[in-house]
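Asks:
There are 2 protein chains.
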Amino acid sequence: MATTYKLEYFNFTGRGEPIRMILSYGNLEFEDIRYAREEWPKVKPTTPLGQVPVLHINDKSITQTGPICRYLANIVGLAGNNNEENLEIDVAAEMIGDVLKTAYEYRFETDETRKEKVKERLLELMPIIFTVLEENAIRNQGYIALDRVTFADIIFLCAYEDIRNILENTDVIADYPNLQEVKKNLLSIESLKDWIQKRPTLPIFIYDLKNDIASE
Amino acid sequence: MATTYKLEYFNFTGRGEPIRMILSYGNLEFEDIRYAREEWPKVKPTTPLGQVPVLHINDKSITQTGPICRYLANIVGLAGNNNEENLEIDVAAEMIGDVLKTAYEYRFETDETRKEKVKERLLELMPIIFTVLEENAIRNQGYIALDRVTFADIIFLCAYEDIRNILENTDVIADYPNLQEVKKNLLSIESLKDWIQKRPTLPIFIYDLKNDIASE
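So the protein sequences, as listed, match chains R and E.
The first sequence runs 0 to 215 under numbering that gives the first Met the number 0.
The second sequence runs 0 to 215 under numbering that gives the first Met the number 0.
As structure tokens, this is what we get:
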């Protein structure tokens, strides 16, 4: 019997989109269940930890984005081949995660004074991390972690789209030509391109990766 | 030539202790560099990302606690043997990480109203996660992720010590007999016991794992 995948998440990119992209990269069909914000109070108690994303693989439910991504990456060929390679991927993914976490914190902060401070932290952290990733991308000729595409690249692409939207369409990799190359490499992979073109368009998005596919 | 390990972190448990424990579990000798808070401004610019922990393996510097733990776990035999086992470990470690992150947020919040709210979130999240971990520990007969010790158990032990201190010595697993069993199993491993007994005692600690070793 074929494995069935079903993803529960909000009707948003966020923590769910890397999972959708890794599944799509591997041409693994999945049911893409998307909740509107107002449905959440009803859905929350039905999830294992009161959280989404939840990935259902056959009748098993898995929570936590990072572990899900790493697990699927091993299935679709986006993980490392040994402990050293996995370390490279994990460190890159975690660095991107730190930036993204700070960007979300900025997005959802309601106190104006604090929001400004979080923004300062974000604008301080971003160039530190992006400089390291840019050096990686030079060494790996257009990839973030290894000399081939891995799930760290996909996590980067998703983070880029979200951060660009959070920062009102600021192209945060404008000064990093090799990170632009990473994006271009990813957007030239047929299975990813297909997914990005067919996924629902979010009305709140100013910038959509679709734009970059269209312009190439 | 033997591999040399050197860890830079604060003179505290926090994000550094799981790394120290995994190294100790595997009897891998390491230089345990500990900075006082007041040294940090001087040290910060010398680190790769302006952050600690940094683990130096020979002349390579690695940042990010999670990836470091997973990498070392693979070396010392605390990781899974396949993708499914690694998923179990990662999910457990990540769940514990969520609780710990919330506990640190509570610890460092200075606004009283916010601090109360974070505490509410912590006291709501903890029983959800601990109930899942307790079920795991029953199924695995005294271990968090698999039917043997893994780095998820060590992450649990370190988180337990920190959270107990943050919550003024509240024994947060008092109602979870199987999580107590996990702690007991870990504290009966000679290499871990040795480390806990020989590591520096922190003056700010109300509760130290040393206490539990002494009382057995």
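A virtual CB, placed ideally from N, CA and C, is assigned to each residue, including glycine.
Quantities reported herein were computed from a predicted structural model and do not represent experimental measurements.
Just checking: is the beta-carbon of R/Gly-76 within a distance shorter than 8 Å of some beta-carbon in chain E?
Replies: no
Asks: Drop a sphere of 10 angstroms on the beta-carbon of R/Pro-66, count the other beta-carbons inside from all chains shown, and report buried for 16 or more, exposed for fewer.
Replies: buried
Asks: Checking contacts by CB at 8 Å: is E/Arg-69 closer than that to chain R?
Replies: True, the Cβ-Cβ gap to chain R drops below 8 Å.
Asks: Is the distance from the Cβ of E/Glu-133 to the Cβ of E/Tyr-175 below 8 Å?
Replies: yes
Asks: Please work out which residues of its chain come closer than 8 Å, Cβ to Cβ, to R/Ile-61, disregarding the five sequence neighbours upstream and downstream, and give them in chain order.
Replies: Val-53, Leu-54, His-55, Ile-67, Tyr-70
Asks: Quick one: complete alpha helix (DSSP H) runs, 4+ long, within the segment 115-187 of chain E?
Replies: 150-165, 176-186
Asks: I'd like the span of the alpha helix (DSSP H) that includes R/Asp-31, first residue to last.
Replies: Per DSSP, R/Asp-31 belongs to no alpha helix (DSSP H); it is in the beta strand (DSSP E), 29-34.
Asks: Considering only C-alpha positions, which residue in the set E/Val-98, E/Glu-111, E/Leu-185 is nearest to E/Ile-128?
Replies: Taking only the C-alpha atoms, the option nearest E/Ile-128 is E/Val-98.
Asks: Could you check whether R/Thr-64 and R/Arg-14 sit closer than 8 Å to each other, using their CB atoms as the reference points?
Replies: yes
Asks: According to the neighbour-count rule (16 or more other Cβ atoms, all chains shown, within 10 Å of its Cβ), is R/Ala-35 buried or exposed?
Replies: Looking at its Cβ environment, which holds fewer than 16 other Cβ atoms inside 10 Å, R/Ala-35 is exposed.
Asks: From R/Asp-211 to R/Asn-135, what distance separates their C-alpha atoms?
Replies: 23 Å
Asks: Give me the subset of the segment 118-149 of chain R whose CB atoms are less than 9 Å from a CB atom of chain E, sorted by chain position.
Replies: Glu-123, Leu-124, Ile-127, Ile-128, Val-131
Asks: Name the one or two DSSP bridge partners that R/Ile-61 has.
Replies: R/Leu-54
Asks: Counting only beta-carbon separations shorter than 8 Å, does E/Met-0 have a partner in chain R?
Replies: no
Asks: Decide yes or no for the touch test of the segment 21-33 of chain E against the segment 191-211 of chain R: beta carbon pairs closer than 8 Å, at least 3 of them.
Replies: no
Asks: Listed in chain order, which residues of the segment 37-65 of chain E have Cβ atoms closer than 8 Å to some Cβ of chain R?
Replies: Taking 8 Å as the Cβ-Cβ cut-off, the segment 37-65 of chain E approaches chain R at Pro-47, Leu-48, Gly-49, Ile-61, Thr-62, Gln-63, Gly-65, given in chain order.
Asks: With three or more C-beta pairs closer than 8 Å as the rule, is the segment 7-26 of chain E touching the segment 39-53 of chain E?
Replies: yes
Asks: For R/Gly-198, which of R/Ala-1, R/Tyr-4, R/Asn-10, R/Lys-5 has the nearest alpha-carbon?
Replies: First, the amino acid is wrong: residue 198 of chain R is Arg here, not Gly. Of the candidates R/Ala-1, R/Tyr-4, R/Asn-10, R/Lys-5, the one whose C-alpha sits nearest the C-alpha of R/Arg-198 is R/Asn-10.
Asks: R/Asn-80 and R/Gly-141 look like a contact to me (Cβ under 8 Å); what is the Cβ gap, rounded to whole Å?
Replies: Not quite, the Cβ-Cβ distance comes to about 19 Å (not below 8 Å), so this is no contact.
Asks: If you draw a straight line from the C-alpha of R/Met-94 to the C-alpha of E/Pro-47, how long is it?
Replies: 12 Å
Asks: Which value, in whole angstroms, describes the spacing of the CA atoms of E/Tyr-103 and E/Ile-165?
Replies: 8 Å
Asks: Is DSSP giving E/Leu-201 helix, strand or coil here?
Replies: E/Leu-201 falls in the coil class under three-state DSSP.
Asks: Tell me which same chain residues have a C-beta within less than 6 Å of the C-beta of E/Ser-23, skipping the five on either side of it?
Replies: Ser-190, Trp-194
Asks: Within 10 Å of its beta-carbon, does R/Leu-86 have 16 or more other beta-carbons around it, so buried, or fewer, so exposed?
Replies: buried
Asks: List the residues of chain R whose Cβ lies closer than 8 Å to the Cβ of E/Asn-82, in chain order.
Replies: Tyr-70, Asn-73, Ile-74
Asks: Apart from the five residues on each side of it in sequence, which residues of its chain come closer than 7 Å, Cβ to Cβ, to E/Cys-157?
Replies: Thr-12, Glu-16, Pro-17, Met-20
Asks: Taking the beta strand (DSSP E) that E/Tyr-8 falls in, what are its first and last residues?
Replies: 4-9
Asks: Should E/Leu-201 go down as buried or exposed, given a rule of 16 or more other Cβ atoms within 10 Å for buried?
Replies: exposed
Asks: With DSSP as the reference, label R/Gly-96 as helix, strand or coil.
Replies: helix
Asks: Can you confirm whether E/Leu-27, when its beta carbon is compared against all beta carbons of chain R, has any partner nearer than 8 Å?
Replies: no
Asks: Does DSSP put E/Tyr-206 in a helix, in a strand, or in coil?
Replies: When DSSP states are grouped into helix, strand and coil, E/Tyr-206 belongs to the coil group.
Asks: Please classify R/Met-20: does DSSP put it in a helix, a strand, or coil?
Replies: helix
Asks: Should E/Thr-149 be labelled buried (16 or more other beta-carbon atoms within 10 Å of its own) or exposed?
Replies: buried
Asks: Any beta-carbon of chain R closer than 8 Å to the one on E/Glu-160?
Replies: no
Asks: Got a sec, what are the start and stop residues for the alpha helix (DSSP H) E/Pro-40 sits in?
Replies: 39-42
Asks: Measuring alpha carbon to alpha carbon, tell me which of E/Arg-147, E/Asn-139, E/Thr-130 ends up nearest E/Ala-78.
Replies: Proximity to E/Ala-78 across E/Arg-147, E/Asn-139, E/Thr-130 peaks at E/Arg-147, based on C-alpha coordinates.
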